[in-house]
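Participant: Quick one: the structure is below, questions incoming.
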Amino acid sequence: MKKKLLVLFFFISFVSATAQYFDKAPYDKQYYTWPVGATKAIVANFGELRPNHYHMGLDCRTDQAENKPVLAAANGYIAKVKVEPWGFGRVLYINHPNGNTTLYAHMNDFYPALEAYVKEQQYKLKSWAVFLDLPANLFPVKQGEQVGWSGNTGGSQGPHVHFEIRDTETDKVLNPLLMGFPISDDIAPAILRLAVYDRCLSTYEQTPKIYLLRKVNNIYVPVSGQVKVNTEKVSFAITAYDRYTGSTNQNGIYEAVVYDNNKAISGFRMDSISYAETRYLNAHIDYRYKAAGGSYLQHLSRLPGNDGGIYKTDASNGVVDFETEKEHAIRITVSDPNGNTSTLEFNITSIGNSKPAPNSAATGLPVFHPGFINVFENNEVQFYLNEKALYDSFHFKYNKTFDAAGRSIYQLHNSTVPIQNYFTLKIRSNIFITDTGRAVIFRSYGGKTDYVKAVYDNGWYKASFREFGNYQLLQDNTAPTISPLGFYSGIKAAKLTRIAFAVTDNTEEIKKFTALLDGKWLRFTNDKGRNFIYRFDELCGPGEHELVVTAEDQVGNVTTKTYNFTR
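In terms of our numbering, the sequence shown opens at residue 21 and continues consecutively.
Printed below as a string of structure tokens:
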């Protein structure tokens with residue numbers, strides 16, 4: 021009888037510890053209704069892992085089609101409207117009496133009255149891209165009222181509505197799946213692999229030991245059995261995903277908690293994330309492992325420089341210490357908002373100590389640390405990183421080479437170490453720069469490139485970046501190229517429905533595109549930054565017209581073309 025009571029006690033303790041580690045989010049589950057007139061299902065959930073950011077809402081299905089009704093999720097008023105080539109594309113914000121704001125992105129069109137207002141403001145501001153704050157009484161809406169049509173605009177890669185719920189005052193984004201939306205979920209998350217890190221070393225200067233998993237009696241365990249390490253301290257990461265009933269999509273996980281000898285020591289949960297902290301995703305994942313082509317590994321302990329708010333830890337910060345006990349029983353639970361939970365269990369044993377990390381004197385390389393100002397300076401290149409820039413320590417590597425034209429290339433470490441904040445890079449002027457207004461700093465690494473206009477300052481050129489890589493100071497004398505698509509000077513345009521131009525530049529960035537029809541500004545759209553398009557409307561009536569188009573790059577190189585046509 022005593023044995024049964026003891027087992028019952030430990031079972032209750034286990035359930036209690038699991039349930040109480042995170043406080044329950046106090047959200048009203050009756051306030052909102054589904055925001056799309058289509059099947060109530062999602063493609064992506066809140067907190068999913070993306071390059072350099074978390075996914076900050078729900079991607080609502082639109083039945084693989086565009087122009088589905090977009091509906092106000094609750095009573096309120098339209099507070100903001102934004103139109104941009106990338107990002108959210110066409111997006112509106114609705115403020116609600118409960119202190120929240122809902123956001124609806126990637127829309128094709130707003131409802132007619134709002135569409136007309138936005139067009140009026142675009143012509144007033146002479147800009148297609150706008151971000152408008154609207155008076156509270158201008159566009160009131162009722163719950164379920166149509167506010168526009170779904171689409172695929174901006175950074176979207178397929179038809180859907182990106183939907184967010186934010187705290188209006190703080191702009192912090194809340195997990196909509198905690199608000200009672202009718203998304204059926206009776207499937208527990210899947211845990212694919214375990215990674216073990218030697219926390220006597222930097223996570224950037226080691227390759228974690230990876231363990232594949234299998235299920236035994238519905239519990240995940242390492243295929244290899246017991247885990248053995250040669251170190252005094254370890255932490256863990258996992259690859260995992262979640263699914264919803266009737267869906268094959270591999271979505272993000274909501275919560276994970278680590279237990280050491282039945283005591284919760286660390287975990288994370290995707291309740292709310294601010295845009296100010298979304299880049300901390302690069303500290304939440306093993307960035308180096310992912311950059312090398314691996315899968316997402318999510319750290320279950322906070323890296324030293326990770327100030328993101330998704331973690332909760334005890335004094336150990338989720339690091340298991342073998343100083344007093346050489347074997348530990350580890351349990352990792354992964355849960356979704358509906359309480360479906362999967363468990364990974366294993367014993368881990370320390371069989372020795374790791375080699376100490378090499379110091380600067382031994383390697384000849386400076387060590388950069390999170391929480392400190394890190395400076396690099398020589399006669400040709402300079403930068404410093406502020407205290408919040410780094411997540412973990414590493415030995416900084418620098419090298420200088422030359423391109424075929426004899427221009428210097430400065431290798432500032434490599435892009436497998438992420439940086440949280442922008443830093444100012446300074447490169448000394450050289451004989452290749454003859455026009456201070458045309459200077460750019462060019463960054464390349466792993467097939468990716470960036471050109472940023474450089475500002476001259478007392479013999480140095482400076483620009484802001486937030487990635488390591490290979491840098492050059494260059495001069496850009498090349499103007500953008502304007503190419504008409506199915507349009508030419510002298511064309512009879514009565515049967516055309518639009519005018520389109522492809523505009524390209526060697527730096528891949530067009531700072532400004534302007535079109536004047538008979539001397540008056542004409543609105544050209546630029547969705548996804550591809551082509552500039554004008555769809556014929558009342559502003560271009562029958563008769564002869566002159567269209568003047570101008571493109572300017574970021575250093576001021578300009579191309580202008582004139583076309584005469586008849587409608």
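Glycine included, C-beta positions come from ideal geometry on N, C-alpha and C.
For clarity, every value in this text was computed on a predicted model and none was experimentally measured.
(1) Please name the residue in 573, 415, 510, 414 whose C-alpha comes closest to that of residue 472.
(2) Check whether the Cβ atoms of residue 66 and residue 271 lie closer than 7 Å to each other.
(3) With a 10 Å radius around its C-beta and 16 neighbouring C-beta atoms as the bar for buried, classify residue 45 as buried or exposed.
(4) By a C-beta neighbour count over all protein chains shown, 10 Å radius and 16 as the cutoff for buried, is residue 446 buried or exposed?
(5) Around the C-beta of residue 578, are 16 or more other C-beta atoms found within 10 angstroms, so that it is buried, or is it exposed?
(6) Alpha carbon to alpha carbon, how far is residue 426 from residue 527?
(7) If you draw a straight line from the alpha carbon of residue 291 to that of residue 116, how long is it in whole angstroms?
(8) Buried or exposed for residue 273, going by 16 or more other Cβ atoms inside 10 Å?
(9) Would you call residue 55 buried or exposed, if buried means 16 or more other Cβ atoms sit within 10 Å of its Cβ?
(10) Quick one: residues in its chain with C-beta nearer than 6 Å to the C-beta of residue 541, no 5 flanking neighbours on either side, listed in chain order?
(11) If you run the structure through DSSP and keep just helix, strand and coil, what is residue 276?
(12) Out of 583, 553, 500, which one is the CA nearest neighbour of residue 593?
(13) Note down the Cα distance separating residue 505 from residue 493, rounded to an integer number of angstroms.
(14) In or out: residue 391 buried (at least 16 other Cβ within 10 Å) or exposed?
(15) Measure the C-alpha to C-alpha separation of residue 299 and residue 293 and round it to an integer number of angstroms.
(16) My assumption, with CB atoms under 8 Å, is that residue 166 sits in contact with residue 91. Please give the rounded CB distance.
(17) Quick one: grab the DSSP three-state call for residue 411.
(18) With a threshold of 8 Å, are at least 3 pairs of Cβ atoms found where one atom belongs to the stretch 331 to 342 and the other to the stretch 180 to 192?
(19) Using a Cβ-Cβ cut-off of 6 Å (strictly less than) and excluding sequence neighbours within five positions of residue 168, which residues of its own chain qualify?
(20) Below 8 Å, how does it come out for the stretch 242 to 262 and the stretch 449 to 461: are there three or more Cβ pairs, yes or no?
(21) Could you tell me which residues DSSP pairs with residue 570 in its beta bridges?
(22) Please determine, among 138, 569, 171, the residue with the shortest C-alpha to C-alpha distance to residue 84.
(23) Just verifying my parser: in three-state terms, what is the DSSP assignment at residue 547?
(24) Using the C-alpha atoms, what's the distance from residue 213 back to residue 359?
(25) Between which two residues does the beta strand (DSSP E) holding residue 404 run?
(26) Can you check which of these residues, 587, 517, 571, is closest to residue 554 by C-alpha distance?
(27) Assuming residue 113 is part of the beta strand (DSSP E), what are its boundary residues?
(28) Let's see if you can read the secondary structure: which residues bound the beta strand (DSSP E) around residue 124?
(29) Classify residue 182 as helix, strand or coil using the three-state DSSP reduction.
(30) Let's test the definition: count the other Cβ atoms within 10 Å of the Cβ of residue 395 and tell me whether it reaches 16, buried, or not, exposed.
(31) Ends of the alpha helix (DSSP H) at residue 309?
(32) Rounding to the nearest angstrom, what Cα-Cα distance links residue 203 and residue 50 in this structure?
(33) Between which two residues does the alpha helix (DSSP H) containing residue 135 stretch?
(34) Considering only the alpha carbon of each residue, which of 545, 405, 570, 468 lies closest to residue 325?
(35) Tell me, to the nearest whole angstrom, how far the beta carbon of residue 340 is from that of residue 253; I am working on the premise that it is less than 8 Å.
(36) Can you tell me whether residue 504 is helix, strand or coil according to DSSP?
Facilitator: Once the coordinates are examined:
(1) 573
(2) no
(3) exposed
(4) buried
(5) exposed
(6) 20 Å
(7) 20 Å
(8) buried
(9) buried
(10) 146
(11) strand
(12) For the chain, the structure presents residues 21 to 587; residue 593 sits outside this window and is missing.
(13) 34 Å
(14) exposed
(15) 10 Å
(16) 6 Å
(17) coil
(18) no
(19) 90, 127, 129, 130, 131
(20) no
(21) 534, 580
(22) 171
(23) helix
(24) 21 Å
(25) 401 to 405
(26) 517
(27) 110 to 115
(28) 120 to 125
(29) strand
(30) exposed
(31) 307 to 311
(32) 14 Å
(33) 132 to 145
(34) 405
(35) 7 Å
(36) strand
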